[in-house]
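Student: Okay, here's the structure, questions in a sec.
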Amino acid sequence: MNLVGSEAPNFTLHNQHGERVSLSDFKGKKVILYFYPKDMTPGCTTEACDFRDAHEDFSALNAVIIGVSPDPAARHTKFIDKYELPFALLADETHEAAESYGVWQLKKNFGKEYMGIVRSTFLIDEAGVVTNEWRNVRVKDHIATVLETLRQGAEA
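Per this note's numbering, residue 8 is the first one in the sequence shown, and the count goes up by one each step.
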């Protein structure tokens, strides 16, 4: 599944405060939408903290960061509080949003197979069109790559 060039699938999920948030709420801004497997795990914590550390750079480019995982809102609140994350985390407990982006997939770990989120990031423009996607993300240097892509788009 490749979403580049198509309208980003809209969704409505609850944020860490239990408020309903729709992707369409962010028309007019660039959106960094990232899907990650689980709060408080090493890779997901590194990724969230990397986004946190670059938050001002993204904001300066008119971009908002939104994280999505199957964790419930209460767990997102603990994750945000522990690591002082300045962006929303959305609870996709039914994995409806993850499925619409093609990131809910069969995974294998230590010989076990299970369904879960494949770490992925989508850059969505002000009109709601996916301009870039990164699937099967490796956390190291990923946020820098997304930021550089956003900067190049701003210069174009």
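No residue lacks a Cβ here, since even glycine has one placed at the ideal position from N, Cα and C.
CB-CB under 6 Å to D99, same chain, minus the five flanking residues each way: which ones, in chain order?
Tutor: The answer, listed in chain order, is L20, V75, P77, A105.
Student: Which parts of the segment 44-88 are runs of the alpha helix (DSSP H), unbroken and 4 residues or longer, counting only runs that do not cross its ends?
Tutor: Those alpha helix (DSSP H) runs which fall completely within the segment 44-88 and span 4+ residues are 49-60, 62-67.
Student: Just the Cα atoms here: how many angstroms apart are A80 and I87?
Tutor: Cα to Cα, A80 sits roughly 10 Å from I87.
Student: Across which residues does DSSP place F42 in a beta bridge pair?
Tutor: DSSP, once it has assigned bridges, lists V75, S127 as partnering F42.
Student: Give the range of the beta strand (DSSP E) segment to which A98 is assigned.
Tutor: Run containing A98: 95-98, per the beta strand (DSSP E) assignment.
Student: Quick one: measure Cβ to Cβ for T128 and W111, integer angstroms, because I've assumed they're closer than 8 Å.
Tutor: Their Cβ separation, rounded to whole angstroms, is 15 Å, which puts T128 and W111 out of contact at 8 Å.
Student: Within the continuous alpha helix (DSSP H) that includes L157, where are the two ends?
Tutor: Counting along the chain, the alpha helix (DSSP H) containing L157 begins and ends at 149-162.
Student: Take K45 and list the residues in its own chain whose beta-carbon comes closer than 7 Å to its own, dropping the five residues that flank it on each side.
Tutor: Cβ within range, chain order: C51, S76, D78.
Student: For a test of the three-state rule: what should DSSP assign to S13, helix, strand or coil?
Tutor: Of the three classes helix, strand and coil, the one that applies to S13 here is coil, per DSSP.
Student: With three or more C-beta pairs closer than 8 Å as the rule, is the segment 132-140 touching the segment 22-39?
Tutor: Output reads yes: the segment 132-140 touches the segment 22-39.
Student: With a cut-off of 8 Å on the beta carbons, I'd call V146 and I39 a contact; round off their distance for me.
Tutor: Not quite, the Cβ-Cβ distance comes to about 14 Å (not below 8 Å), so this is no contact.
Student: Could you check the C-alpha separation between L30 and I72 for me, to the nearest Å?
Tutor: Distance between the alpha carbons of L30 and I72: 11 Å.
Student: Please return the same chain residues whose Cβ sits closer than 8 Å to the Cβ of R59, not counting the five positions on each side in sequence.
Tutor: So the qualifying residues of the chain are Y90, E91, L92, P93, F94.
Student: Helix or strand or just coil, what does DSSP make of L92?
Tutor: Of the three classes helix, strand and coil, the one that applies to L92 here is coil, per DSSP.
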